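Engineer:
Numbering (my numbering), first residue to last: 40 to 817.
#1: Here's a check: name, in chain order, each residue in its chain whose Cβ is nearer than 7 Å to the Cβ of residue 314, leaving out the five neighbours to either side.
#2: In whole angstroms, what is the alpha-carbon distance linking residue 503 and residue 560?
#3: Quick check on this structure: which residue in 186, 239, 286, 624 has the alpha carbon closest to the alpha carbon of residue 818?
#4: Using the beta-carbon count (16 or more within 10 Å), is residue 66 buried or exposed?
#5: Considering Cα atoms alone, identify which of 638, 607, 633 is closest to residue 623.
#6: Does the beta-carbon distance from residue 821 to residue 54 come in below 8 Å?
#7: With 16 other CB atoms within 10 Å as the buried threshold, where does residue 377 fall?
#8: Please give me, in chain order, every unbroken run of the beta strand (DSSP E) with length at least 3 that falls completely inside the region 166 to 253.
#9: Quick check: the Cα distance between residue 612 and residue 696, rounded to an integer number of angstroms?
#10: Determine the burial state of residue 582: buried for a count of at least 16 other Cβ atoms within 10 Å of its Cβ, exposed for fewer.
#11: Does residue 65 come out as helix, strand or coil in the three-state DSSP assignment?
#12: How many angstroms separate the CA atom of residue 796 from the CA atom of residue 763?
#13: Going straight from the alpha carbon of residue 47 to that of residue 390, what length do you get?
#14: From the DSSP secondary-structure annotation, give me the bridge partner or partners of residue 688.
#15: Quick one, are the C-beta atoms of residue 381 and residue 405 less than 8 Å apart?
#16: In its own chain, which residues sit with a C-beta less than 6 Å from the C-beta of residue 597, not counting the 5 before and 5 after it?
#17: Work out the CA separation of residue 483 and residue 386 for me, nearest whole Å.
#18: Going by C-alpha to C-alpha distance, which of 532, 507, 534, 533 sits closest to residue 522?
#19: Tell me whether residue 554 is buried or exposed, calling it buried when 16 or more other Cβ atoms sit within 10 Å of its Cβ.
#20: Assuming residue 159 contacts residue 78 under a Cβ cut-off of 8 Å, what Cβ separation, rounded to an integer in Å, is found between them?
#21: From what residue to what residue does the alpha helix (DSSP H) around residue 495 run?
#22: How is residue 456 classed by DSSP in three states: helix, strand or coil?
#23: To test your reading of the DSSP string, which unbroken alpha helix (DSSP H) runs of 4 or more residues are found completely within the region 686 to 722?
#24: What residue range is occupied by the uninterrupted alpha helix (DSSP H) comprising residue 604?
#25: For residue 134, name the three-state secondary structure that DSSP assigns.
#26: Could you check whether residue 304 and residue 198 sit closer than 8 Å to each other, using their CB atoms as the reference points?
#27: Three Cβ pairs or more, each shorter than 8 Å: is that satisfied between the region 226 to 242 and the region 170 to 187?
#28: Beta-carbon within less than 6 Å of residue 638's beta-carbon, same chain only, minus the 5 sequence neighbours each way: which residues are those?
#29: Have a look at the DSSP bridge pairing and note the partners of residue 304.
#30: Let me check understanding here. Comparing Cα to Cα, which of 437, 348, 276, 487 lies closest to residue 364?
#31: Among 168, 327, 701, which residue has its Cα nearest to the Cα of residue 436?
#32: Specify, as a first and last residue, the run of the alpha helix (DSSP H) that residue 45 falls within.
#33: Out of 194, 301, 242, 207, state which residue places its alpha-carbon closest to the alpha-carbon of residue 216.
#34: Rounded to a whole number of angstroms, what is the C-alpha to C-alpha distance between residue 741 and residue 267?
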């Protein structure tokens with residue numbers, strides 16, 4: 040019960056006079072994160088029966104109990120619950136810890152009351168059984184249920200720590216429990232003090248892993264503090280409900296396995312500034328970005344002036360710059376600002392300004408997603424290096440140091456004038472790990488990765504993932520590069536086909552050769568030497584695998600899309616909205632243009648498409664301006680395109696609903712004259728949404744399943760366009776020219792039409808032309 044006129048016992052106690060040697064979340068996290076070596080962890084829990092600690096004689100007067108006969112009994116061996124008050128458990132426990140560190144090959148031991156987390160390197164020979172035996176000799180007992188052997192992951196102070204990957208997460212089921220607990224608060228109206236206290240305590244525990252969310256606990260603590268009668272229920276305050284909604288949003292969307300955070304702030308020269316006369320400037324060291332306000336920008340904001348909102352946007356744009364540069368997860372960064380209001384908002388993470396508060400929600404989402412945090416520092420306006428950038432001045436800033444910013448939620452009333460490719464590190468996690476150890480990605484690493492096409496990097500990541508799976512299957516769950524010659528040889532034997540052996544993998548020799556190339560790239564990326572001596576032996580193994588490929592059942596060929604499939608697709612997609620109509624136009628173009636889906640889709644659904652790798656509206660070249668009968672699409676990043684060269688998709692008009700020229704013209708009309716993605720659409724908010732390959736294939740797969748067309752895939756458009764032309768007697772050289780084939784590989788795409796299928800296709804074309812004869816493509 041909370042009575043404001045009665046001070047609590049704790050108010051008379053100075054916590055500094057009663058320091059402990061317990062190791063909390065921040066101590067463990069900082070240590071394990073800073074240790075470069077992969078580590079194994081083990082748990083030792085003191086036996087419950089051993090919780091009989093002798094008490095000091097000067098404490099005896101406070102440890103007496105009276106029996107039913109009126110006699111006073113002195114408790115000279117206190118149970119564990121009272122130990123903290125007597126302070127006599129810590130010193131013998133510290134002495135025991137020192138002995139363990141002295142006698143065994145350990146890195147360190149963390150201790151929280153009677154729970155102990157032992158840490159060793161993965162190659163150390165220390166075993167927990169030996170530690171338990173020695174501990175028993177010293178009188179510190181445990182049992183089989185109270186200790187666990189060394190492993191990569193262990194539970195300590197309510198979290199699962201991984202000493203190899205340097206990650207931390209909640210135990211299985213706990214995250215669901217927290218989400219379920221919040222849901223009850225969001226859908227009920229009144230609660231008891233104890234229920235709120237338990238909920239807040241558990242969320243406070245989670246906040247060690249998500250420090251960005253602590254600001255959303257303040258309202259809960261204010262609610263608890265205002266409670267007068269604990270046994271009386273109280274209604275849920277609106278501010279508490281709003282903050283719990285934020286907790287619910289984060290807990291159902293965040294990545295639960297986190298890189299261990301380092302709470303110590305890091306100085307990176309991050310400073311931002313804003314002005315209502317021009318826009319925003321942000322600097323991170325020598326790197327910089329400048330954003331200009333669009334006309335009538337202030338109409339988007341509720342508050343007068345808008346400088347508070349602009350200064351807050353500068354923080355979010357700085358985070359986007361860090362992401363482009365390759366942010367190091369788990370770190371806390373210092374942000375310099377000359378705006379005292381912004382400095383306070385960074386500290387409190389909340390503001391009374393509605394627009395600033397909404398912006399901070401986006402910042403918090405970004406911080407959680409990037410697994411980072413920020414702290415504010417103040418700089419005077421005169422010494423703010425970003426001041427000139429915010430006023431439109433770029434003097435002294437080199438263009439080679441500009442940072443492109445691509446964000447899913449860029450402010451609609453700001454624009455940046457540069458474009459560059461963005462590498463999504465989260466989609467190639469196996470490349471960036473040194474073996475199984477997570478390492479930071481530097482700007483130089485990102486620059487190195489841009490030397491390869493994105494699809495090539497995805498292929499390398501798949502190869503490395505397969506190799507890591509092999510290592511784990513052979514008991515090597517933790518390792519660092521370089522791998523040995525025997526590792527490479529064993530991998531080829533494990534993955535390749537063999538006539539006399541059934542394997543789970545059975546990878547074709549051609550694919551296995553690509554995997555080896557990916558592993559070589561992996562070593563190159565991490566600047567370690569690949570075992571060159573393995574090449575000759577690998578070639579021999581690949582030959583053995585190739586011979587086994589001959590006797591293996593042939594891989595089913597990708598199906599060809601026929602006109603009836605295309606009509607079925609059109610029928611379904613025309614029933615949808617803007618997205619579905621854009622996908623239909625893309626599908627028609629892919630079929631008649633014999634294009635790969637990856638050539639017509641985009642890496643990201645929002646933001647400015649990257650010029651060098653995207654098909655834009657400006658890449659459409661019309662042969663006739665008024666009523667085009669044919670047009671050309673320029674591809675700068677085709678799969679078989681050499682650097683500096685382009686390829687062309689040539690389309691001719693048809694007098695029916697499947698006209699590819701008309702499909703492209705519809706996309707140009709939808710783009711409203713803007714130079715943006717050709718295959719995209721504007722949503723109801725006016726945002727441009729680009730069609731990604733994943734989004735398109737998911738939609739197509741659902742429709743193919745409805746029609747029971749199981750053999751069709753994204754590649755079936757290229758196969759279908761070539762096969763139909765071949766069935767209609769089009770010259771092979773013309774098919775190769777239109778399909779951009781320069782070798783015999785075109786044969787892989789041709790599927791023979793049966794006489795019935797050929798007749799059906801010709802009849803469908805005639806019927807389509809007849810139906811649309813009065814409305815030709817124009």
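Don't be surprised by glycine CBs; every beta carbon is placed ideally from N, CA and C. Please read all numbers here as calculations on a predicted model, not as lab measurements.
Structural biologist: By the coordinates alone:
#1: 429, 430
#2: 10 Å
#3: Residue 818 is absent from the structure shown; the chain starts at 40 and stops at 817.
#4: exposed
#5: 607
#6: Limits of the chain in this structure are 40 at one end and 817 at the other, which puts residue 821 out of reach.
#7: buried
#8: 186 to 190, 192 to 195, 198 to 201, 206 to 208
#9: 13 Å
#10: exposed
#11: helix
#12: 10 Å
#13: 31 Å
#14: 672
#15: no
#16: 752, 754, 755, 758
#17: 32 Å
#18: 507
#19: buried
#20: 7 Å
#21: 493 to 512
#22: Only weak support is given to the placement of residue 456: the predicted model assigns it a pLDDT of 40, under 50, and the value that follows is read from those uncertain coordinates. Three-state result, residue 456: coil.
#23: 699 to 709
#24: 602 to 612
#25: helix
#26: no
#27: no
#28: 674, 677
#29: 371
#30: 487
#31: 327
#32: Run containing residue 45: none; DSSP gives neither H nor E here.
#33: 242
#34: 57 Å
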